[in-house]
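Top line first, the protein sequences correspond to chains A and B. For what it's worth, the numbering used here labels the leading residue of the first sequence as 29, then goes sequentially. For what it's worth, the numbering used here labels the leading residue of the second sequence as -18, then goes sequentially. Positions of the beta carbon are idealized from the N, C-alpha and C atoms, including for glycine. Below is one structure, written out as structure tokens; the observations come after it.
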Amino acid sequence: MKARTVEYFIKEAVSSLRHNGLMSFASISTVALSLLILGLFLIMVLNLNQIASSIESKVEITVYLQDDLSDYEQRQIGTQITKISGVTEVIYVGKEEALKRFRERLGEQQSLLNALGDTNPLPNSFEVKVDMPEKVKLVASALSKMKGVENAKFGQEVIEKLFSLTRMIRLFGLVLIIFLALAALFIISNTIRITVFARRKEIGIMKYVGATNWFIRWPFLIEGMILGFGGALISVILIVKIYGLLIQQVTESLTFLPLIPQYPFLTRISMFLLVTGTAIGALGSTISLRRFMKV
Amino acid sequence: MIRMLGVSKVYSKGCIALSDVSVEIQKGDFVFVVGPSGAGKSTFIKMLFREVIPSSGQLFVNGHDVGEMAMAEVPYLRRRLGIVFQDYRLLPNKTVYDNIAFAMEVIEASRRESQKRVNHVLDLVGLRNKAYTYPTQLSGGEQQRVAIARAIVNKPQMVIADEPTGNLDPDTSWEIMKIFETINKGGTTIVMATHDKPVVDAMKKRVIAIEKGCIVRDQAKGAYGYES
């Protein structure tokens, strides 16, 4: 294809976009809105996954010991735990230490503990870390069966809730995204159909003077792609701004939330949205072009 | 140039437009196709540039079997043909120059080549001075001259014209015919469907008369032969 022909295609596409200003605007807005929502869902799901796995990787198993064990027995249990496969770290937390921590956690309300007097109801325990999050459950169940162990606990429920939340958002997002993508496709294909209809005479003449079908198609295809790309660009700009604000807010108030850093995360999301938008545009015009090309 | 062997065309509702037509047109011929309305003239003409496909029989244009031709080859067939319609079919939003250059653009000619050819055909139809006006500013005859210029800008081997003077007054028709004659003298085959009795009678070219889908007369240096 010659440079001059490409220039001609682009010129035709742009002049047609201007000619159908209102329809073009509607198409770009629909694509922008759809991709904005797609992008936001993507960001939400990926971040929730990140949060879930970061919590999971930090998970410790707390092994509570029975109250009547001797120091020797306790130390023996400690060595046994170290031998379980997957265990990377075992820290002994005595009753006194546990009470101290509990006191700290209560903060201003620690006066509640004064009611206990000198008795310490907390058991001795071990904090156990494992090398892979998937092993947490297995190791925990092995630990709880050991002799001298009262029970072994970990933050299973929190993680599972988080994962099921992610799953739900993902499903809901998928349905919404498919719906919006179809809407974008529909409106772009309609815009192109209007353009094609407005220029049917010209297309007829092109055919009589020997234009190939691809020669006729390209300007419309480019028009659709510009619509899709334009919409995607708007959504990308909005998403970059929104995520920037979010990160700012989170680092100020919720420091512990491990959000995905802006870059290169946003670059990838942006590329994905731009490609998707352009593809929706191309597909939209192809749908409209298929019908009239058989002359 | 054109060879029809037992060509028939039956439309979907069973109307027979052409029935077992065989005819040959040589390179450089000037042929009028005449006959009453609805006799099959239009079908005959439209088959030549494959707007209509034969139902049976064989039609060769430039040695290519038009009936068997793949869709993808049709544009290349049409690049060797120039087509002129009764209603001119110009683009109102393009200048005269651009309307003609359009045909060069479509076949991806270079700018220089396009410029050279467009100016040449503008001279040939005598519209060089109106190159940058729009079709709506022109008379019917001038519009048809633009259409002819567009048809021949690619140096086609054959020009196919469907009632090119149908909308024009007699004087203007004559001007148009002179242009066709000039083109024909350059070696281009011309096939023209027409109702224009004075033109056909005066030009003394080959006349093919079609009635009820059959060729009823084919004479060299013929006359229109119907009351107009």
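Exercise. Using a Cβ cut-off of 9 Å (strictly closer), state whether Asn48 (chain A) contacts chain B.
Key: For the purposes of this step, residue 48 (chain A) is identified with residue 20 of the first sequence, where counting begins at 1. Output row for Asn48 (chain A): interface = no.
Quiz item: Which residue's Cα is closest to the Cα of Leu127 (chain A): A:Gly114, A:Pro149, A:Ala60?
Solution: Here the question's residue 127 (chain A) lines up with position 99 in the first sequence. Residue A:Pro149 is the option with its Cα nearest to Leu127 (chain A).
Quiz item: When the distance is taken between beta carbons, is Gln138 (chain B) closer than 9 Å to Arg61 (chain B)?
Solution: Counted from its first residue, the second sequence places residue 61 (chain B) at position 80. Counted from its first residue, the second sequence places residue 138 (chain B) at position 157. The answer is yes: Cβ separation under 9 Å.
Practice problem: Look at the alpha carbon of Trp246 (chain A) and the alpha carbon of Lys163 (chain A), and state the distance between them as a whole number of angstroms. | Solution: Walking along the first sequence from the start, residue 246 (chain A) turns up at place 218. Walking along the first sequence from the start, residue 163 (chain A) turns up at place 135. Trp246 (chain A) and Lys163 (chain A) have their C-alpha atoms spaced approximately 56 Å apart.
Quiz prompt | Euclidean distance between Cα positions of Lys211 (chain B) and Ser263 (chain A) | solution = Outside the modelled stretch of chain B, which goes from -18 to 209, sits residue 211 (chain B), for which no answer is possible.
Exercise. Would you list, in chain order, the members of the segment 222 to 256 of chain A that have their beta-carbon closer than 8 Å to a beta-carbon of chain B?
Key: Lys229, Glu230, Gly232, Ile233, Met234, Lys235, Tyr236, Val237, Gly238, Ala239, Thr240, Asn241, Phe243
Quiz item: From the DSSP output, which residues share a beta bridge with Asp199 (chain B)?
Solution: Position 218 of the second sequence, counted from the start, is the residue given in the question as residue 199 (chain B). DSSP, once it has assigned bridges, lists B:Ile189 as partnering Asp199 (chain B).
Self-check item: Distance, Ile109 (chain A) Cα to Gln94 (chain A) Cα
Solution: Looking up residue 94 (chain A) in the first sequence gives position 66. Looking up residue 109 (chain A) in the first sequence gives position 81. The straight-line gap from Cα to Cα measures roughly 15 Å.
Quiz item: Beta carbon of Ile(-3) (chain B), beta carbon of Gly194 (chain B): below 9 Å?
Solution: Looking up residue -3 (chain B) in the second sequence gives position 16. Looking up residue 194 (chain B) in the second sequence gives position 213. It is a contact, given that the beta carbons lie within the stated cut-off.
Quiz item: Looking only at its own chain, which residues have a Cβ that is under 8 Å from the Cβ of Leu204 (chain A), when we skip the five neighbours before and after it?
Solution: By 1-based counting over the first sequence, the position of residue 204 (chain A) is 176. Excluding sequence neighbours, Leu204 (chain A) sits near Ile65, Phe69.
Exercise. Closer than 8 Å by beta-carbon distance: list the chain B residues that pair up with Thr314 (chain A), in chain order.
Key: Position 286 of the first sequence, counted from the first residue, corresponds to residue 314 (chain A). Residues of chain B passing the Cβ test: none, with the nearest at roughly 17 Å.
Quiz item: Using the C-alpha atoms, what's the distance from Ile308 (chain A) back to Lys111 (chain B)?
Solution: Taking the second sequence and counting its residues from 1, one reaches residue 111 (chain B) at position 130. Taking the first sequence and counting its residues from 1, one reaches residue 308 (chain A) at position 280. Taking the CA atoms as reference points, Lys111 (chain B) sits about 44 Å from Ile308 (chain A).
Quiz item: Between the C-alpha atoms of Lys22 (chain B) and Lys229 (chain A), what's the straight-line distance to the nearest angstrom?
Solution: Counting from one through the second sequence, the residue named residue 22 (chain B) turns up at place 41. Counting from one through the first sequence, the residue named residue 229 (chain A) turns up at place 201. Computed Cα separation, rounded: 23 Å.
Quiz item: In chain A, what lies closer than 8 Å to Ile129 (chain B) by C-beta?
Solution: On the second sequence, position 148 is the one that residue 129 (chain B) refers to. Within 8 Å Cβ-Cβ: nothing; Ile129 (chain B) doesn't reach chain A, min ~13 Å.
Quiz prompt | Nearest candidate by alpha-carbon position, reference Gly121 (chain B), set B:Val55, B:Glu94, B:Asp68 | solution = To locate residue 121 (chain B), count along the second sequence from 1; it is residue 140. Comparing Cα positions, the closest option is B:Asp68.
Exercise. May I ask you to report which of helix, strand or coil DSSP gives Val2 (chain B)?
Key: Taking the second sequence and counting its residues from 1, one reaches residue 2 (chain B) at position 21. Correct three-state label for Val2 (chain B): strand.
Quiz item: Enumerated in chain order, which unbroken segments of the alpha helix (DSSP H) with a length of 4 residues or greater are wholly contained in the segment 54 to 128 of chain B?
Solution: 55 to 59, 77 to 87, 92 to 106
Self-check item: C-beta atoms of Val172 (chain B) and Ile133 (chain B) nearer than 9 Å
Solution: Sequence index remark: in the second sequence, residue 172 (chain B) carries index 191 (1-based). Sequence index remark: in the second sequence, residue 133 (chain B) carries index 152 (1-based). No, the Cβ-Cβ distance between Val172 (chain B) and Ile133 (chain B) is not below 9 Å.
Exercise. Check the Cβ-Cβ distances between Arg319 (chain A) and every residue of chain B, and say whether any is below 9 Å.
Key: To locate residue 319 (chain A), count along the first sequence from 1; it is residue 291. It does not; no Cβ of chain B falls within 9 Å.
Exercise. Identify whether Arg(-16) (chain B) lies in helix, strand or coil by the three-state DSSP scheme.
Key: Here residue -16 (chain B) corresponds to residue number 3 of the second sequence, with the count starting at 1. Correct three-state label for Arg(-16) (chain B): strand.
Quiz item: For Gly203 (chain B), which residues from the same chain have a beta carbon less than 7 Å from its beta carbon, with the 5 sequence-adjacent residues on both sides left out?
Solution: Along the second sequence, one-based indexing puts residue 203 (chain B) at 222. Excluding residues up to 5 positions away in sequence, Arg187, Val188 lie with their Cβ nearer than 7 Å to the Cβ of Gly203 (chain B) in the same chain.
Exercise. Alpha carbon to alpha carbon, how far is Ile64 (chain B) from Asn80 (chain B)? Give it in angstroms, no decimals.
Key: Here residue 80 (chain B) is taken as the residue at index 99 of the second sequence, counted from 1. Here residue 64 (chain B) is taken as the residue at index 83 of the second sequence, counted from 1. Those two C-alpha atoms are separated by around 14 Å.
Quiz item: Would Val14 (chain B) pass as a contact of Ala201 (chain B) if the rule is Cβ separation under 9 Å?
Solution: Taking the first residue of the second sequence as 1, we reach residue 14 (chain B) at position 33. Taking the first residue of the second sequence as 1, we reach residue 201 (chain B) at position 220. One thing to note: Val14 (chain B) has its Cβ no nearer than 9 Å to the Cβ of Ala201 (chain B).
Quiz item: Quick one: complete alpha helix (DSSP H) runs, 4+ long, within the segment 285 to 320 of chain A?
Solution: List check, alpha helix (DSSP H) in window: 290 to 320.
Practice problem: Evaluate Ser217 (chain A) with the Cβ neighbour count: other Cβ atoms within 10 Å of its Cβ, from every protein chain shown; 16 or more gives buried, anything less gives exposed. | Solution: Numbered from 1 along the first sequence, position 189 holds the residue referred to as residue 217 (chain A). So Ser217 (chain A) counts as buried.
Self-check item: Ile88 (chain B): contacting residues in chain A (beta-carbon distance under 7 Å)
Solution: Sequence index remark: in the second sequence, residue 88 (chain B) carries index 107 (1-based). Within 7 Å Cβ-Cβ: Gly238.
Quiz item: Fully enclosed by the segment 8 to 58 of chain B, which beta strand (DSSP E) runs are 3 residues long or longer?
Solution: Correct list: 11 to 15, 37 to 42.
Practice problem: Going by CA-CA distance only, name the one from B:Asn100, B:Thr117, B:Tyr115 that's closest to Arg109 (chain B). | Solution: Here residue 109 (chain B) is taken as the residue at index 128 of the second sequence, counted from 1. For the residues B:Asn100, B:Thr117, B:Tyr115, the minimum Cα distance to Arg109 (chain B) belongs to B:Asn100.
Quiz item: What do you reckon, are the CB atoms on Pro289 (chain A) and Ile275 (chain A) nearer than 9 Å?
Solution: In the first sequence, the residue the question calls residue 289 (chain A) occupies position 261. In the first sequence, the residue the question calls residue 275 (chain A) occupies position 247. Yes; because the gap between Cβ atoms is below 9 Å, this pair is in contact.
Quiz item: Which chain A residues are close to Ala84 (chain B), counting only those with a beta carbon under 7 Å from its beta carbon?
Solution: The count along the second sequence starts at 1 and reaches residue 84 (chain B) at position 103. The answer, in chain order, is Val237.
Quiz item: So Val59 (chain A) packs on Gly201 (chain A), CB below 8 Å; how close in whole Å?
Solution: Along the first sequence, one-based indexing puts residue 59 (chain A) at 31. Along the first sequence, one-based indexing puts residue 201 (chain A) at 173. About 17 Å separates the two Cβ atoms, so there is no contact after all.
Practice problem: Give me the Cα-Cα distance between Glu88 (chain A) and Lys157 (chain A), rounded to the nearest whole angstrom. | Solution: By one-based count along the first sequence, residue 88 (chain A) stands at place 60. By one-based count along the first sequence, residue 157 (chain A) stands at place 129. Cα-Cα distance, rounded: 5 Å.
Quiz item: With 16 as the cutoff for other CB atoms within 10 Å, does Val33 (chain B) come out buried or exposed?
Solution: Counted from its first residue, the second sequence places residue 33 (chain B) at position 52. The residue is buried, with at least 16 neighbouring Cβ atoms inside 10 Å.
Exercise. Counting only the same chain and skipping the five closest in sequence on each side, list residues whose C-beta sits under 8 Å from that of Ile88 (chain B).
Key: The count along the second sequence starts at 1 and reaches residue 88 (chain B) at position 107. So the qualifying residues of the chain are Arg60, Asn135.
Quiz item: The beta strand (DSSP E) with Val158 (chain A) in it runs from where to where?
Solution: By one-based count along the first sequence, residue 158 (chain A) stands at place 130. Run containing Val158 (chain A): 153 to 158, per the beta strand (DSSP E) assignment.
Quiz item: When Cβ atoms are compared, which residues of the segment 29 to 59 of chain A fall closer than 7 Å to chain B?
Solution: Lys30, Arg32, Thr33, Tyr36
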